[in-house]
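Residue numbers (the numbering used here), protein chains in the order written: chain B, 1 to 257; chain L, 258 to 907; chain R, 908 to 1303; chain F, 1304 to 1628.
Just so you know, even glycine gets a beta-carbon here, dropped at the ideal spot from N, CA and C.
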Amino acid sequence: MDIIVCIKRVPQTAEAKVEIESSGKDIVKDRLTFDINESDTYALEEAVLLKEKFGGTITVISLGCSDADDTLRIALAKGADTAIRIKAEDFDELDGYKTAQLLSAVIKDIHFDVIFTGCIATDDAYSQIGATLAELLGIPHATLVTNIEVIDSISHVHRELEGGLQEHIEIFLPALFTIQTGINVPRYASLIAIKRAAGKEIKLVGQNEISKDQLLLNTQIEELFIPPVAKQVKIITGSPGEVSEELAGIIREKGLI
Amino acid sequence: MNRIGVFVCHCGRNISATVEIDKVVEVIGRYPDVAHCEDYKYLCSEPGQSLIKEKIKEKKLSGVVVAACSPSLHEITFRRTVEQSGLNPYLLEIANIREQCSWVHADVDQATAKAISIIKTIIEKTKLNEALLPIKIPVNQRALIIGGGIAGIQSALDIANSGYKVILVEKSPSIGGHMAQLSETFPTLDCSQCILTPKMVEVSQHKNIRLLAYSEIEDVGGSVGNFKVKIKRKASYIDNVRCTGCGVCSEKCPVKIDSEFDEGLGKRKAIYVPFPQAVPNKPVIDKDHCTYFLKEGKCGICQIVCSPKAIDFNQKDEIIEEEVGAIIVATGYELYPIEKIVEYGAGKYEDVINGLQFERLLSASGPTLGEIHRPSDGRIPKKVAFISCVGSRDPEHHLPYCSKICCMYMVKHAMLYKEHVPDGEAIVFSIDVRTAGKDYEEFFTRAKEEGNILYIRGKPARIIKEGDGLVIWSINTLTGRQLRVKCDMVVLSMAIVPSNNAIELAKQLRIQTNAHGFFTEGHPKLRPVESLVPGFFLAGCSQSPKDIPETVAQASAAASKVLEMFSHKELSIEPLIASVNDDLCSACRLCISICPYGAREFDESKNIVTVKESICTGCGCCVAACPTGASQQKNMSDQQMSRMVEVIFD
Amino acid sequence: MTNKRSLVDVINPEIRDFLVEMGAEDIYKCYQCGKCSSICPWFQVGTYDFPIFRLSLETALGMVASSEDKKELEEEVDKLYRCVGCEACVDQCPHGINIPNILRAARRLLVDFGSYPDILKSIVQKIHDVGNPLGEEREKRSDWAKQLNVPNFQPGIEYLYFACCIPSYDPRVQNVAQATVRILQKSGCSFGILGVQENCCGEAIRRIGAEKVFKEVTKANISSFESAGVEKILVTSPHCYTSFKNDYPEFGANFEVFHITQYFSGLIEKGKIQPIKRFDKKVVYHDPCNLGRQNGIYEEPRNILRNIPGLELLEVENFNRSLSVCCGAGSGALWMEWEKDERIGDIRINQLVDTGAEIIAVACPYCLQMFEETIKSMELNIEVMDVAEILWESIG
Amino acid sequence: MSEIFMLIEHRQDAIRDISYEMMTCGRALAEKLNTKLTAVFLGYDADKLVESIRNQAHRIMVVDNEVFKEFNAESYQIALAEIIKKENPLLTLIGHTAFGMDLCPALGTQLGIPFTTDCLDVEIIDGKLIATRQMYDGKLNAKIRFRENPSYLVSLRTGCFPVRDSNIEAEIVNIESPVSAEPDYRKFVEYIEAAIGDVDITKADVVVGVGRGIKKKENLALVEDFASTIGGVVACSRPIVDAEWLPKDRQVGSSGKTVKPKLYITLGISGAFQHVVGMKNSGTIIAINKDPNAPIFNEADYGIVDDLFRVLPAFKNSILEMKSK
C-alpha cells in the first residue's frame, strides 16, 4: 500500500503570546516554537500503522521553507520512506487552495493508494486542503477520520460528527482522509531510524518543476486583528483566598449550587 | 684528529618506515670527522656486529656512533662489540633514532631531519669522549632484609643457608607477617601457621641470621656492595636474656587493648607477645598504652610479678650500625582502610569486617577460637556475604589496580565458612572471578559446586543495617534483577596497599615506588626482583599484590640475585660518574650538601672536594650545582653538552 | 512481521559514534559492576525496573532507543526519561562514568526529532517562548519583588540575585525569594535583580536533551548578565548554581557563583546577620542533589540551621549528604507523571518523615515544590520550608 | 442582483442549529443587498422538515430523493454543483461542520469558484466579499478578501449568528434530483452512538471543565474532589480525551457533548472554538486560566487569571465555608 502524507510545520501558539507583525498580515514568528502540526502527527502515525500492516511505501510532502526539512526528516525517522518539500519560497502568497494545487501537482505523478492529511492546521485553521486536494486529484475523501480499516481496497472509515456521534462509511481506494487527533498514539522515532533519516535526501520541488502561471489564489488575508471581546468578562483579582471568597459570593447570590 | 664511524640501523621497518635511511647515510657521510657511515638492517645481529668490528679496524676508527634503538637496550651489546676490536667501550655512543624519533613521528621528512640532528649531536659528544675504565669496588657479603613476613623469612633463609650473614629487621615484635594471621591457605586449605612456623623457628635458630624484631631502619648510607645501615631497636623494656617467656607478666597486666594480630577482634595486654608461636617469643611493653608510662610510674605490676626480674622500664631505644652489601625490601602490605567505604557502613557497623578479620574469626588461635561469631553480638552468622573489589578496581574513588588475591581468598572464606557453619549460607558478590594459578580454577569450581556457594555478579551499592541484620543492595548484573540481600555479616575484600611507611622507606632508601607506593622493579618483565637502584632487591607484596606461592618465589629469586652478587669479591661499576677539577674547585661545598648519595667528601689537606667513586651514581646533581664548573660528569662534560646543543642549531 | 529486535541486535557503530559525539564518551569505561543501578533512586522505588548499568554497553552496541517496534521503543524512550539526573550513580561509579550524560546524548537526538514526552516538549517550548518553564509572562518575572524595593542590577552593585523561575512565579515559592531578599537587605548586601532580562538557567532542559534551546537561553543570559556588568551571582536554586558554574563557562561565561546558603553561612560567620528568634522545631535537612552531591555543598546549609536558636537539626540516617536520595524532580522529572507507586519523591518523603521532624528544610525550589506536592498527595503532616525562610523567621 | 444561497444541514430527521444560524446570516446579507435568500434542501421525505423552515428563507429549493436521506458529501456535491451552476448565486453558505468540512472545499474546487472555510462572519463591502476567520488557536482574527468572481462559496462556523425570528413565507421549488444513487466509491453505512458512561454531563447543573492546563493525569483527582464539593461533574476539552485521561463521553465541544449547566467552571481551558461551542450557552461561566490572553475569557462571565492549582484549594475552602453557613 503506497501512502502519501501531507504535513505542515506550524508555530506552536496554543500557549504562546501571539503578536501581529507590522504589515498587519502576519504574526511575529521569531520568538515562537515551530513543530509539526498536531493532527499531522496522527496522520503520519496512521500511515505507518497501515504500512506495517500492508507493506508499501510512505511519501511525506510538505509545503514550506527550508525549516520544514527538519519536520520532514522527523517524518522520515518515524517511518516515511521518501520526503518531498515544495519550496514555499518559490510560490509567493499562499492560501489553502493554492497549497492544494501545489500538492496535487506533485502527487499526480506519484503512485498512491491513500493520502493522509491532518484534519486541521493549527495556524491558519482552514480544514480545507484535504478535501480540495482530493477533488483536484479526482479521488473520494473523508474528513475528520477517527478510525480506518482497509479490507480489499475498500476502506471502512469512521468520521467524527458532532455531539459524540460518529458515522461509518465505506470508501474505495485510492482515497484521501483527513485525520482527527486521538485516532492513534503517535510513535517516537528510534535512534536507528533517526540515523537512517539523517542521511536521506529530501527531494525539492520548486518553480522549475511546477509552473506558477496556472496557480490560482482564492483568498488573501487583508488584515489580522485581535478578536473583539464578545462578552464582557469580569476579571476578579486578588489573592487566591480573596478571589475564592468573591466567587463563592457570586455563586451564592445567583443560587448556582 | 677524530675518525668517527656511524652505523645506522633499520631495525627492520621500525626505523626505516619513518626515517629515510639513505638520506641519513648520505648526509652523515658528509659530516666533518665522519670517516665512515653505513646502514644495516639489524645492527644488533651477529653479522651487524661483525660489520662494526671490521670497519673499526679497516677505517681505523677513533669512535663509533650506532644510530638505533634506546641505549637502555643495546648499549652493553655494542660496547662489548667495540671492545672486542680494541676500541675503548666508552668511545661508543648510541644515537636513539627509534624511541625518540621513528616511533613517535609520522612525517617522514621531519623524522628524517630529526634523526640526522640526533646523530650529529651524538657524533659531537663522541668526539670529545674519554676512554674510561670500569671502577672496581669490593663487596660486603652480608645482606640486610627489611620485613619479616613470609617474603623476608624466605629470602633470609635462602641467603643464610648459602653461608652468608643476614640481618633480618622486623618492625613488629614478631616475624611471621600477615601469613601468621591466616587460618588456612588456598587452594590446598592447609593450615597457614603449620607451614609458616617451622620457617620462623628456623630463622630464630639460624646461626647466619641476626633477627632484629621490634626494630626499624633509621638510615641507609653508602651504595651497592657497601651500605652502611643504622637500625633502631625499639625499647621493649624487657631484658631478653633474663626473660624466660613464662607469660605471667601478660597475664597480670591490667591493660586491655585491641590486638593488632587479631585485627581488633580480640584483646591483648600492654605487655604482650602478639601470638603464641611468636618469634622471638619474648614480650614487649607497648609504651603508648602501658599505665606505668602513661601515669608516671604508677602500676608496674609486671615488674612485681616477673620473677627473673626481666622488666626494665629504663631501657632506651638503641641504634645498631651494620654494614651490608645488598638489601632486600620485603615490607609487605596492609589492607585499605575500611572506614573509607562509607556506602557500606564500614567502620560504623561492627558486622561489616575485612578479610583479615574474617581470617582471625576462622583461625583456631583467633579470638573466637575458630568458631565463627560475629563481632556485634557473638551470634553465629547464618548468612554471610562476601564482597569483592572493595577499594580496588575503583580508580574514581579508591585504587585502580586489582588486588589479585581476593578472588581466591573469597573462595576459601566461603568454603571455610560453610565448613564451620554447615547450615549457613555464603553469598559472594563479585564482578569477575580471577582464578589464574595452579589449581585455582578447580578450587573455585569445587567451592561453587560442593560448597553450595552462591555467586552473584554485581557490586553492591549500599549496606544498610536493618534490625540486627544487614541488607545489601545490589543488582545481579547477569539477570538485571534488583537484589536486597539480608545477611548477618559482611566480609569486604579490601584492596591491598603497601605498608603505610613504604613511601617513607622508599625515600630513605632512595628507591622508587609507583603512584600507590608499591616499589618499582628494574624492568616489569626482565628484572622483576631488582629495584631500579643497584643493590636493592624486592620481594613480596611490597612490590605488588601477590599470593603466598608467588611471594615465596619472588623472595627466593631476590635471594638468588643477592647470592649472584655475593659470588664476586668485587663489583664493576660504570665509570660514568662525576669528577672534580682541582684547579677550579672553590671549596664552596655546595656539592656535598646536594649529593643525594653522600658521595662527596671534603679534603682538608688540599682544600677541595673529592668524589667517592664507589658511591657516586653519576646522577649529575653536583654538576648542575657547581658554581665554578669544577664538577664535571665523565663523558658528559659541559663542553660536550654545548657542542651537542650547538649542532642542533647549525 | 518478525521480531523487530532481531533487526537491530547487530552492533550499530553509527549510533554509537553518534552518541559518543553527543557526549556519551564514557561508555567504554564501564565494567558492568552494576553499582549504579543499585544506588539509583529507582532501586528504592522498586516497582520500576531501571537497569541503567546496561546503558554503557547498550550504547556501545548502538542499541539505545533503537527498537523499531513501537511499543518497545515507547518503553525505551520512557526509560530514558526516567533518569532524574541526581548523579548518585556518577558519585558511586568506580570509573566515574557520567550516566546522565550518556542518557542526555540519546535524549538530544530524540529531542531533535520530536521524539520525547509531550509534557517536556511543552516545557522546552515555554522556556523558549517566555524564558520560564511555567509559561508565565516574561514581564512579570520580577513581580515577586514589587513590594520589596529591590534595585535593578547596575554597575556598582556587587551581586546579582538570580531567583530562578520557580521562586519568581510560583506563589508558594515566591516566599523563598522574598525571605532571601529580606535577609540580604538586613545584612547590608549590595545586590540587584535583572527581572525581565533573565531567562531560565536552562539546566533542566539541557538534561532533557533540548540542547538547542538550552544554548539559546544560555547565550541570552550571558549577554544580559555581561551587558549589565554582572560579576558575582547569588542563586537560590542549586540547578542555577550547577548551570552557571559548570555549564555556562562552556560558552565563555566567567561569573563567580554562590549558592545563597554559602553566602548566608558566611554572613553568620562574620556576624553580619544574627539569628536570634527561637525556632523551636525539629528540622531535618534534605541535601538537594545539585547542591550536595554535585557541588559538594553540605556544610553551609547545616551551619545556618545549627545557628538558629531552638532548632533541633536532624539527619536522615544512612541517606544524607552524598547518599541523600533525590526528591525526584530533576532532569525534567518535576513535570513528568509516573504511577502512584513509581514515585521517587514518596520514598524520600518517607525517609524524611521517619526522622520525626516537624519541618523538612530544603535549599532547592524543585525539592520544595516536589515535596509539597508529595505531602499533599500522601496527606502527610509535615511542613516544607526553604533554609532561607527558616533563617528569616529567626532574624526578621 | 444574484441571490444568497445556503444549504440546509439536517441529520436524523432534524434540522441542525447551524442551518438556522446560516439562514439568519443569509437573510441579513440578502436584506442588505436587496436580494433574496434561497435555502437548498437536499433530503428524503422532506415535507415536514421543509415546512418547519418555511418562514426562514425567501425560497426553498427542495431535492427530495432517498439518496439524500443521510449526508454523503459525494452525492450532495453532485447535486449542489448542478444547482449552483444553474442558479449562479452570489454566495453560497455551508456550515463548517463535519458535514460541511467534507463538502465545501470539494464543491468549491469542482465549481472553480473562490471559497473559504470556517468563517465567523461574511460581509459584502463595495460589492466585494469579505470574510472573517479565526487563526492561531483563536488568538487572532483575520479579514479575508476573495479573488473576484460572480459566485462565492463560504462555510460558516457554528454558533456565530444568534438565530433570529423570521416571518417570510418561502416559495417552495421542487427540483428533480440529479443523482439517484449513492456513488459506489462512497457509501454511508451507519451512525455510531458514543458509549454511555456513568456520568451524563449534559444533565448536570454544575460542570467543571478541565483542559490541558491541568498538566498531569494525577491532578484530575484534585479536580474531581473540587467538583464533588461544589456538587458538579467533571467534563473536559478534547486533548484530555486524546490523552485518554477521561472517556470520550466527558468531552464538551463540537465533536463532544453540548452542555448548558447553570454553572460552568473552566480550569486550564484555553477556549478553543471547538470547546466553546459546546458550553457557551451555560448559565454562568467562570474561567480560571493563567494566560490572560486565553480566548476563554471572551466567553466567560467571570475570569480569574491565575494558576488553577493555586486557586482551587482556596476555592474549595470558600465553597465549603459557604455551604456550612
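| Query | Result |
| --- | --- |
| Of the residues that make up the segment 840-858 of chain L, which ones have a beta carbon closer than 8 angstroms to any beta carbon in chain R? | none |
| For residue 975 of chain R, which three-state DSSP category applies? | coil |
| Using CA coordinates, which residue listed in R/1084, R/1142 and R/1109 is at the minimum distance from residue 1126 of chain R? | R/1109 |
| Based on Cα-Cα distance, which residue from L/739, L/498, L/263 and L/630 lies nearest to residue 747 of chain L? | L/630 |
| Within 10 angstroms of the Cβ of residue 1408 of chain F, are there 16 or more other Cβ atoms? Answer buried if so, exposed if not. | buried |
| With H, G and I counted as helix, E and B as strand and the rest as coil, what does DSSP make of residue 560 of chain L? | helix |
| Per the DSSP calculation, residue 1513 of chain F is bridged to which residue(s)? | F/1539 and F/1570 |
| Below 8 angstroms on the Cβ atoms is my guess for residue 310 of chain L versus residue 318 of chain L; work out the distance and round it to an integer in Å. | Not really, about 10 angstroms apart at Cβ, beyond 8 angstroms. |
| Would a C-beta distance cut-off of 9 angstroms place residue 766 of chain L and residue 498 of chain L closer than the cut-off? | no |
| Mind the definition here: the segment 423-441 of chain L touches the segment 827-837 of chain L only if three or more C-beta pairs lie below 8 angstroms; say whether that holds. | no |
| Do you know whose CA, among B/76, B/75, B/124 and B/83, lies nearest residue 99 of chain B's CA? | B/124 |
| Within 10 angstroms of the Cβ of residue 910 of chain R, are there 16 or more other Cβ atoms? Answer buried if so, exposed if not. | Only weak support is given to the placement of residue 910 of chain R: the predicted model assigns it a pLDDT of 45, under 50, and the question is left unresolved by the model. |
| What separation, rounded to the nearest whole angstrom, lies between the Cα atoms of residue 1101 of chain R and residue 1147 of chain R? | 15 angstroms |
| Please tell me whether residue 245 of chain B has its Cβ less than 9 angstroms away from any Cβ of chain F. | yes |
| Is there a Cβ from chain B that is less than 9 angstroms from the Cβ of residue 1608 of chain F? | yes |
| Excluding sequence positions up to five away, which residues of its chain have a Cβ less than 7 angstroms from the Cβ of residue 1272 of chain R? | 1071, 1073, 1074, 1080, 1083, 1143 and 1144 |
| To the nearest angstrom, how far is it from the Cα of residue 1259 of chain R to the Cα of residue 739 of chain L? | 24 angstroms |
| Step through the CB atoms of chain R and report whether any lies within less than 9 angstroms of the CB of residue 37 of chain B. | no |
| Near residue 639 of chain L, which residues of its chain fall below 8 angstroms by C-beta distance, leaving aside the five closest residues on each side in sequence? | 678, 680, 681, 682 and 745 |
| What are the residues in the segment 951-981 of chain R lying within 8 angstroms of chain B by C-beta distance? | 969, 971, 972, 973, 974, 975, 977, 980 and 981 |
| Using a beta-carbon distance below 9 angstroms, is residue 1325 of chain F in contact with chain B? | no |
| Under a CB-based cut-off of 9 angstroms, is residue 1077 of chain R close to chain F? | yes |
| Runs of 4 residues minimum, wholly inside the segment 1360-1438 of chain F: which ones carry the alpha helix (DSSP H) assignment? | 1376-1390 and 1401-1414 |
| Using Cβ-Cβ distances below 7 angstroms, what residues of the segment 728-740 of chain L are close to chain R? | 730, 731, 732, 734, 737 and 739 |
| Note down the Cα distance separating residue 521 of chain L from residue 1210 of chain R, rounded to an integer number of angstroms. | 35 angstroms |
| Hey, residue 400 of chain L and residue 416 of chain L: beta-carbon distance below 9 angstroms or not? | yes |
| If we cut at 9 angstroms on Cβ distances, does residue 1545 of chain F have a partner in chain B? | yes |
| Could you name the residues of the segment 123-150 of chain B whose beta carbon sits closer than 8 angstroms to any beta carbon of chain F, in the order they occur along the chain? | 123, 124, 125, 126, 127, 128, 129, 130, 131, 132, 134, 135, 136, 140, 141, 142, 143 and 144 |
| From which residue to which residue does the alpha helix (DSSP H) around residue 1350 of chain F run? | 1350-1355 |
| Between residue 572 of chain L and the rest of its own chain, which residues show a CB-CB distance below 6 angstroms, the 5 nearest in sequence each way excluded? | 492 and 494 |
| In three-state DSSP terms, what is residue 1226 of chain R? | coil |
| Rounding to the nearest angstrom, what Cα-Cα distance links residue 590 of chain L and residue 329 of chain L in this structure? | 31 angstroms |
| Could you give the uninterrupted runs of the alpha helix (DSSP H) lying entirely in the segment 613-687 of chain L, keeping only those of 4 residues or more? | 663-677 |
| Would you call the segment 1459-1479 of chain F and the segment 236-255 of chain B touching, i.e. three or more CB-CB distances under 8 angstroms? | no |
| Looking at chain F, is there any beta carbon in it that lies within less than 9 angstroms of the beta carbon of residue 983 of chain R? | no |
| Any C-beta of chain F within less than 7 angstroms: which residues of the segment 1168-1195 of chain R qualify? | none |
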